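**Student:**
There are 4 protein chains.
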Amino acid sequence: MAQDPIRQQRAAARRNQILDGAARVFAEKGFHRASTREIARAAGVSEGTIYNYFDSKAGLVVGLMTRLAEVESLGDELSDTMPGDIREFFVATFRRRFARLASQEKLFRAVLPEVLVDPELRETFHQQYVLRIAGLLEQYLQAQVAAGRMRPVDVPLAVRSLQGMFVGLLVLRIFGDETTRQGWDDLPEVLATLILDGLRLPREDEEVAQ
Amino acid sequence: MAQDPIRQQRAAARRNQILDGAARVFAEKGFHRASTREIARAAGVSEGTIYNYFDSKAGLVVGLMTRLAEVESLGDELSDTMPGDIREFFVATFRRRFARLASQEKLFRAVLPEVLVDPELRETFHQQYVLRIAGLLEQYLQAQVAAGRMRPVDVPLAVRSLQGMFVGLLVLRIFGDETTRQGWDDLPEVLATLILDGLRLPREDEEVAQ
Amino acid sequence: MAQDPIRQQRAAARRNQILDGAARVFAEKGFHRASTREIARAAGVSEGTIYNYFDSKAGLVVGLMTRLAEVESLGDELSDTMPGDIREFFVATFRRRFARLASQEKLFRAVLPEVLVDPELRETFHQQYVLRIAGLLEQYLQAQVAAGRMRPVDVPLAVRSLQGMFVGLLVLRIFGDETTRQGWDDLPEVLATLILDGLRLPREDEEVAQ
Amino acid sequence: MAQDPIRQQRAAARRNQILDGAARVFAEKGFHRASTREIARAAGVSEGTIYNYFDSKAGLVVGLMTRLAEVESLGDELSDTMPGDIREFFVATFRRRFARLASQEKLFRAVLPEVLVDPELRETFHQQYVLRIAGLLEQYLQAQVAAGRMRPVDVPLAVRSLQGMFVGLLVLRIFGDETTRQGWDDLPEVLATLILDGLRLPREDEEVAQ
DNA sequence: CATGAATGAGCCTTCATTCAT
DNA sequence: AATGAATGAAGGCTCATTCAT
Numbered sequence: 440m441a442q443d444p445i446r447q448q449r450a451a452a453r454r455n456q457i458l459d460g461a462a463r464v465f466a467e468k469g470f471h472r473a474s475t476r477e478i479a480r481a482a483g484v485s486e487g488t489i490y491n492y493f494d495s496k497a498g499l500v501v502g503l504m505t506r507l508a509e510v511e512s513l514g515d516e517l518s519d520t521m522p523g524d525i526r527e528f529f530v531a532t533f534r535r536r537f538a539r540l541a542s543q544e545k546l547f548r549a550v551l552p553e554v555l556v557d558p559e560l561r562e563t564f565h566q567q568y569v570l571r572i573a574g575l576l577e578q579y580l581q582a583q584v585a586a587g588r589m590r591p592v593d594v595p596l597a598v599r600s601l602q603g604m605f606v607g608l609l610v611l612r613i614f615g616d617e618t619t620r621q622g623w624d625d626l627p628e629v630l631a632t633l634i635l636d637g638l639r640l641p642r643e644d645e646e647v648a649q
Numbered sequence: 440m441a442q443d444p445i446r447q448q449r450a451a452a453r454r455n456q457i458l459d460g461a462a463r464v465f466a467e468k469g470f471h472r473a474s475t476r477e478i479a480r481a482a483g484v485s486e487g488t489i490y491n492y493f494d495s496k497a498g499l500v501v502g503l504m505t506r507l508a509e510v511e512s513l514g515d516e517l518s519d520t521m522p523g524d525i526r527e528f529f530v531a532t533f534r535r536r537f538a539r540l541a542s543q544e545k546l547f548r549a550v551l552p553e554v555l556v557d558p559e560l561r562e563t564f565h566q567q568y569v570l571r572i573a574g575l576l577e578q579y580l581q582a583q584v585a586a587g588r589m590r591p592v593d594v595p596l597a598v599r600s601l602q603g604m605f606v607g608l609l610v611l612r613i614f615g616d617e618t619t620r621q622g623w624d625d626l627p628e629v630l631a632t633l634i635l636d637g638l639r640l641p642r643e644d645e646e647v648a649q
Numbered sequence: 440m441a442q443d444p445i446r447q448q449r450a451a452a453r454r455n456q457i458l459d460g461a462a463r464v465f466a467e468k469g470f471h472r473a474s475t476r477e478i479a480r481a482a483g484v485s486e487g488t489i490y491n492y493f494d495s496k497a498g499l500v501v502g503l504m505t506r507l508a509e510v511e512s513l514g515d516e517l518s519d520t521m522p523g524d525i526r527e528f529f530v531a532t533f534r535r536r537f538a539r540l541a542s543q544e545k546l547f548r549a550v551l552p553e554v555l556v557d558p559e560l561r562e563t564f565h566q567q568y569v570l571r572i573a574g575l576l577e578q579y580l581q582a583q584v585a586a587g588r589m590r591p592v593d594v595p596l597a598v599r600s601l602q603g604m605f606v607g608l609l610v611l612r613i614f615g616d617e618t619t620r621q622g623w624d625d626l627p628e629v630l631a632t633l634i635l636d637g638l639r640l641p642r643e644d645e646e647v648a649q
Numbered sequence: 440m441a442q443d444p445i446r447q448q449r450a451a452a453r454r455n456q457i458l459d460g461a462a463r464v465f466a467e468k469g470f471h472r473a474s475t476r477e478i479a480r481a482a483g484v485s486e487g488t489i490y491n492y493f494d495s496k497a498g499l500v501v502g503l504m505t506r507l508a509e510v511e512s513l514g515d516e517l518s519d520t521m522p523g524d525i526r527e528f529f530v531a532t533f534r535r536r537f538a539r540l541a542s543q544e545k546l547f548r549a550v551l552p553e554v555l556v557d558p559e560l561r562e563t564f565h566q567q568y569v570l571r572i573a574g575l576l577e578q579y580l581q582a583q584v585a586a587g588r589m590r591p592v593d594v595p596l597a598v599r600s601l602q603g604m605f606v607g608l609l610v611l612r613i614f615g616d617e618t619t620r621q622g623w624d625d626l627p628e629v630l631a632t633l634i635l636d637g638l639r640l641p642r643e644d645e646e647v648a649q
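In order, the protein sequence lines correspond to chains A, B, C and D.
With the first letter of the first sequence counted as 1, position 200 gets the number 639 in our numbering; the numbers rise by one all the way through.
With the first letter of the second sequence counted as 1, position 194 gets the number 633 in our numbering; the numbers rise by one all the way through.
With the first letter of the third sequence counted as 1, position 35 gets the number 474 in our numbering; the numbers rise by one all the way through.
With the first letter of the fourth sequence counted as 1, position 22 gets the number 461 in our numbering; the numbers rise by one all the way through.
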């Protein structure tokens, strides 16, 4: 029938409408303290309707994560930047990631706990989020290493370290750490220096460690 | 009365007994899915007894965190190492932290979510854990910078980045990320390189970025 | 929508159904010894349903009180009687009040204790019950005093004394006092004499006290 | 043993100490919301000790009532007054009762509810309190009637009405009724007029109702 | 006699989920 | 497809009472 695409569109709109409500309530109260009643109210639908689009309350989290991952167009981010200057690339990328993270802080704060606890969600999130981004970063780093522009480190682990740093700094932010929060905009620069140049300064009587 | 110290000792033992039970159940099921009944059973006491020692279920998390922080003798860790070689120091310190984190993975997985969600817990954890460790690290880094052995970065932010990396890598571990999990023992070395020397290799026709 | 009034009617019916159950159990066991589970069973609904219609267990008492007050059409009672003969008016009014009180004895026995203890309930009951009836009685007495048919006493206090007597006699009844219980039907007459004519007989050698 | 009387005295002192604590806590929170722990603390003893002197929490109420009744020396009150002037006697007696009631308001508020609800307490209270006072009042009234100084009403019912009025006015006071509370000191006079002379004023063209 | 830690039954309330309309 | 009333299991927590010390 010709109505199919229309229906699908309407259904997708409803889904999103519900997810928006869920995101709002989850962000404010956390997963467990958010009731389906409140989510329904926030989404402007009835409780029953939620269950027409999602299997369960946990299904809402899956939906949110999936949507999060769909929206992430990391590939673009990475390729958007001219690969010319490494530092500029790093800083720009970091800056974008940090802006993203900050804007989703509340949602992360709400969803992360449940993701940490629920094995299935954990798996989904890991696949759709961690591995996807890791893959892209690995490609980039690998290329740099191959080109002799970067130290031949264990690329996957280095990437994990980077990702970890992002996640961890977000966690610190969530903890309310003032230093992290106020320095958020400076972090891309600091990180770039840290990651690219390292902390160590060669003593004068030493050779530059390469 | 001579019984006072005995009383206190017995009370402390009970507290720990209860916390052990709580840790076990929290680790297995997470905070919200763990019922006080189950915790009581795991601890070998009655439900009522729990409330003779803790204000509420959330109080158990506070207790666990506090105990965690008490056990942490980071000061020793830092000073134990000869400050001779910076890299050795970093690697050794990282190794110890990573061992610690890994051994407490389950507990973290159980407690972290609730800490993220509950504002009061967040504050407590931040004070007792994040800031305490941050302070020690800052001292160390600052000294190195002052001695001209390290690049004059924004020390507090650099420290947060380090801490974030620890936390974040633990989170990746919790996500079940195979790369992180299998590379756990190699991470201290990778991180040391990353943090101390940086990724970038100077091209021959370039100046050393500072 | 045309369903709204139907909905409302059904909801009102449910409310009453629940209140009936609550009244039954409260009357039998008193407020505190009545469990919501038992109330639910007595009302023929689930425990959860109670909370769809009332905020809390205490809310049931409020509901009962309100319903009690709504049913009371004291105004009619007062005006129904011909104002012709004062004594007849008193006796008739008393008789009606006493019949009312007796029929609600159990409910009062169940609700009064909680009303006495809970400040909020106390206030509500005072407003909806005591003051409403007091106002009507005051009007009546005031009119009689103004007409010179009654002694110019402190009307509000006299009314409180009357109300107190009703309440107090009900309490004695609840205590199981046999004299009160068996004399219940005679009390209107006795009270009328007491209140209208007083106990004192003038000695022959004295003036009539006024 | 010679210690018996000493022991008994000490035991009685403890009992009273506990009852004082109970009275304080009951008065503040009501019977059900008062915990034995709090009572113990208020009495300066341990929870266990309470159970060495009383069977149960309800036993405390029995104890309080009994002590209340013991302290009441109504006989003295009644005989203290010169039987000369009836009105003076009534006013003086009322005044004393009202002062008593007011001073015990809180305790009544706390104990009455439980007395109303618990059949056993009800019986005890009725015997020790209601009937004892009723008996004394009946004697007095009966004598007055016999002496031709009072109208030959149904004495027991009249007495119940009086008692009811006391109880009822106390209840109104407890409800927080401002009129009752502020007029408390005037009530003895108002009541005396009400009870002795009645409200009705004879019209000039009528005979004095007898 | 006094203590107070331990008990565990039982309570009120919440909430995800279902289903008749 | 939407609704929202009804459900009832489950949960955290309180507290009167006991008993070993």
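Glycine is no exception: its CB is placed at the ideal position from the N, C-alpha and C atoms.
None of these values were measured; they are calculated from a predicted model.
1) Taking only the alpha-carbon atoms, compute the straight-line gap between valine 500 of chain A and arginine 453 of chain C and give it to the nearest angstrom.
2) With three or more C-beta pairs closer than 8 Å as the rule, is the region 620-640 of chain B touching the region 524-542 of chain B?
3) What do you get for glutamine 583 of chain C, buried or exposed, if any count of 16 or more other CB atoms within 10 angstroms of its CB means buried?
4) How far does the alpha helix (DSSP H) with methionine 589 of chain C in it reach, from first residue to last?
5) Going by CA-CA distance only, name the one from D:Asn455, D:Ile613, D:Phe564, D:Ile478 that's closest to glycine 615 of chain C.
6) Please report the straight-line C-alpha distance between alanine 586 of chain B and isoleucine 634 of chain A, rounded to a whole angstrom.
7) Quick test of your reading: alanine 508 of chain D and tyrosine 568 of chain D, contact by CB under 8 Å. State the CB separation rounded to the nearest angstrom.
8) Can you find a CB in chain D that lies within less than 8 Å of the CB of threonine 618 of chain C?
9) So alanine 479 of chain C and glutamate 486 of chain C are supposed to be a Cβ contact under 8 Å. How far apart are they, rounded?
10) Kindly confirm or deny that the region 587-604 of chain D and the region 552-566 of chain D touch, where touching means at least three C-beta pairs closer than 8 Å.
11) Mind checking which residues open and close the alpha helix (DSSP H) that includes alanine 538 of chain B?
12) Would you mind sorting aspartate 557 of chain A into buried or exposed? The rule is 16 or more other CB atoms within 10 Å of its CB.
13) Out of D:Gly603, D:Val610, D:Glu559, point me to the one whose CA is closest to leucine 576 of chain D's CA.
14) Which one of A:Arg590, A:Val592, A:Leu630 has the shortest CA to CA distance from threonine 532 of chain A?
15) Strictly by DSSP, which residues pair up with alanine 639 of chain B?
16) Can you give me the C-alpha to C-alpha distance between asparagine 491 of chain B and leucine 570 of chain A, rounded to a whole angstrom?
17) Taking the C-alpha atoms as reference points, what is the distance between glutamine 581 of chain B and isoleucine 572 of chain B?
18) Just how far apart, CA to CA, sit alanine 462 of chain B and leucine 608 of chain D?
19) Counting only Cβ-Cβ distances shorter than 9 Å, please list the residues of the region 594-610 of chain C near chain D, keeping chain order.
20) Taking 8 Å as the CB-CB cut-off, is glycine 615 of chain A touching chain B?
21) Identify which residue in B:Glu527, B:Asp524, B:Glu628, B:Val464 has its Cα closest to the Cα of leucine 548 of chain B.
22) Could you confirm whether any beta carbon from chain C is found closer than 8 Å to the beta carbon of valine 500 of chain D?
23) Roughly how many angstroms lie between the CA atoms of valine 530 of chain C and glutamate 544 of chain C, to the nearest whole one?
24) Express the C-alpha separation of alanine 482 of chain B and glycine 651 of chain B in angstroms, rounding to a whole number.
25) By Cβ distance, which residues of its chain are closer than 6 Å to isoleucine 613 of chain A, with the 5 residues on each side in sequence left out?
26) Anything in chain A within Cβ reach of leucine 640 of chain B, meaning under 8 Å, just list it in chain order.
27) At what residues does the alpha helix (DSSP H) containing threonine 488 of chain D begin and finish?
28) Going by Cα to Cα distance, which pick from A:Arg506, A:Ile525, A:Leu560, A:Arg590 is closest to glutamine 456 of chain A?
29) Taking only the alpha-carbon atoms, compute the straight-line gap between glutamate 628 of chain B and arginine 536 of chain B and give it to the nearest angstrom.
30) In or out: aspartate 636 of chain A buried (at least 16 other Cβ within 10 Å) or exposed?
31) Output, in chain order, the set of chain C residues within a Cβ distance shorter than 9 Å of proline 627 of chain D.
32) Using the beta-carbon of each residue, which ones in chain A are nearer than 7 Å to arginine 539 of chain B?
33) Helix, strand or coil: how does DSSP classify leucine 576 of chain C here?
**Tutor:** In short, the structure shows the following:
1) Cα to Cα, valine 500 of chain A sits roughly 36 Å from arginine 453 of chain C.
2) By the Cβ criterion, the region 524-542 of chain B is in contact with the region 620-640 of chain B, since at least three pairs of Cβ atoms, one from each stretch, lie closer than 8 Å.
3) Buried, by the Cβ-count rule.
4) Taken as a continuous stretch (DSSP letters only), methionine 589 of chain C belongs to no alpha helix (DSSP H), as it is neither H nor E.
5) Closest option to glycine 615 of chain C, Cα to Cα, is D:Phe564.
6) For alanine 586 of chain B and isoleucine 634 of chain A, the distance between alpha carbons rounds to 21 Å.
7) Rounded, the Cβ-Cβ distance is 6 Å, consistent with contact.
8) Look at threonine 618 of chain C: its C-beta is under 8 Å from a C-beta on chain D.
9) The Cβ separation is near 4 Å, so the contact holds.
10) The region 552-566 of chain D and the region 587-604 of chain D do not touch, with fewer than three beta-carbon pairs separated by less than 8 Å.
11) Here the alpha helix (DSSP H) through alanine 538 of chain B covers 525-542.
12) By the 10 Å Cβ count, aspartate 557 of chain A comes out buried.
13) Of the candidates D:Gly603, D:Val610, D:Glu559, the residue whose Cα lies closest to the Cα of leucine 576 of chain D is D:Gly603.
14) Shortest Cα-Cα distance from threonine 532 of chain A to any of A:Arg590, A:Val592, A:Leu630 involves A:Leu630.
15) The sequence shown places arginine at residue 639 of chain B, not alanine. Note: arginine 639 of chain B sits in a beta bridge opposite A:Met589.
16) Note on geometry: alpha-carbon atoms of asparagine 491 of chain B and leucine 570 of chain A lie some 46 Å from one another.
17) The alpha-carbon separation between glutamine 581 of chain B and isoleucine 572 of chain B amounts to approximately 14 Å.
18) In a straight line, the C-alpha of alanine 462 of chain B is about 58 Å away from that of leucine 608 of chain D.
19) So the list reads Pro595, Leu596, Ala597, Val598, Arg599, Ser600, Leu601, Gln602, Gly603, Met604, Phe605, Val606, Gly607, Leu608, Leu609, Val610, given in the order they occur along the chain.
20) The beta-carbon of glycine 615 of chain A is placed less than 8 Å from the nearest beta-carbon of chain B.
21) Rather than leucine, the amino acid found at residue 548 of chain B in this sequence is arginine. Arginine 548 of chain B has its Cα closest to that of B:Val464, out of B:Glu527, B:Asp524, B:Glu628, B:Val464.
22) Contact of valine 500 of chain D with chain C is not assigned, every C-beta pair being separated by 8 Å or more.
23) Distance between the alpha carbons of valine 530 of chain C and glutamate 544 of chain C is about 20 Å.
24) No answer is possible for residue 651 of chain B: it lies beyond the span of chain B, which begins at 440 and ends at 649.
25) Short of 6 Å from the beta carbon of isoleucine 613 of chain A, and not among the five residues preceding or following it, lie these beta carbons of its own chain, in chain order: Arg548.
26) The contacting residues are Gly587, Arg588, Met589, Arg590, Gln649.
27) Bounds of the alpha helix (DSSP H) holding threonine 488 of chain D are 486-492.
28) It is A:Arg506.
29) Taking the CA atoms as reference points, glutamate 628 of chain B sits about 13 Å from arginine 536 of chain B.
30) Around the Cβ of aspartate 636 of chain A, a 10 Å sphere holds 16 or more other Cβ atoms; the residue is buried.
31) Within 9 Å Cβ-Cβ: nothing; proline 627 of chain D doesn't reach chain C, min ~10 Å.
32) Close to arginine 539 of chain B, with beta-carbon spacing below 7 Å, lies no residue of chain A; the smallest spacing is near 15 Å.
33) For leucine 576 of chain C, the three-state secondary structure derived from DSSP is helix.
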